[in-house]
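Engineer:
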Amino acid sequence: VQLQASGGGLVQPGGSLRVSCVASGTKFSINIMGWYRQAPGKTRELVATIAYDGSTKYADSVKGRFTISRENAKNTMTLQMNSLKPEDTAVYYCNIGWLNGMTMWGKGTLVTVSS
């Protein structure tokens, strides 16, 4: 199984950015897909998750600004980030989990919010 994240980059405060993640090579349906982030000098933290049935969970710091979505047939997940703030600067990691409890991390993609 491979996870490929894309879409990071540099954006000004107040701007928008979209990051995506594609999982390939899995024979089983992915239960939970999620985004985590790690800022310099900080621990990795949950940003948002989405279950197979579409139910979502967000960190309080991104509620109302970020939207997570997924397309089950293509094993893809997208995080739309609006009204970005400098404190959103971090490496964003996608994570997937199956019903048997196994999880997998993708390589991160850097998001920098700066003027």
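No gaps in the numbering here: position 79 of the sequence shown is 84 in the numbering used here, and each next residue is one more.
Cβ coordinates follow ideal geometry from the N, Cα and C atoms, glycine included.
Only a predicted model underlies this, so the values are computations on that prediction, with no experimental measurement involved.
Contact between the stretch 68-82 and the stretch 106-113: three or more CB pairs below 8 angstroms?
Structural biologist: As far as the Cβ criterion goes, the stretch 68-82 does not touch the stretch 106-113, which means the pair count is below three.
Engineer: Looking at the structure shown, is N77 part of a helix, part of a strand, or coil, going by DSSP?
Structural biologist: For the purposes of this step, residue 77 is taken as residue 72 along the sequence shown, with counting starting at 1. DSSP places N77 in helix when its eight states are reduced to three.
Engineer: Out of curiosity, what's the CA-to-CA distance linking S119 and Q43?
Structural biologist: As a position in the sequence shown, residue 119 is number 114, starting the count at 1. As a position in the sequence shown, residue 43 is number 38, starting the count at 1. About 17 angstroms.
Engineer: Rounded to a whole number of angstroms, what is the C-alpha to C-alpha distance between Q17 and T117?
Structural biologist: Counting from one through the sequence shown, the residue named residue 17 turns up at place 12. Counting from one through the sequence shown, the residue named residue 117 turns up at place 112. Going by the C-alpha atoms only, they are around 8 angstroms apart.
Engineer: Per DSSP, Y63 is paired with what?
Structural biologist: Within the sequence shown, residue 63 is the residue found at index 58, counting from 1. Answer is A53.
Engineer: Roughly how many angstroms separate the alpha carbons of T61 and V27, rounded to a whole number?
Structural biologist: As a first step, residue 61 is located in the sequence shown; it is residue number 56 there, counting from the start. As a first step, residue 27 is located in the sequence shown; it is residue number 22 there, counting from the start. If you take the alpha carbons of T61 and V27, they lie about 18 angstroms apart.
Engineer: By how many angstroms is the C-alpha of G30 removed from the C-alpha of T170?
Structural biologist: A question about residue 170 goes unanswered here, because the residues of the chain that appear run from 6 up to 120.
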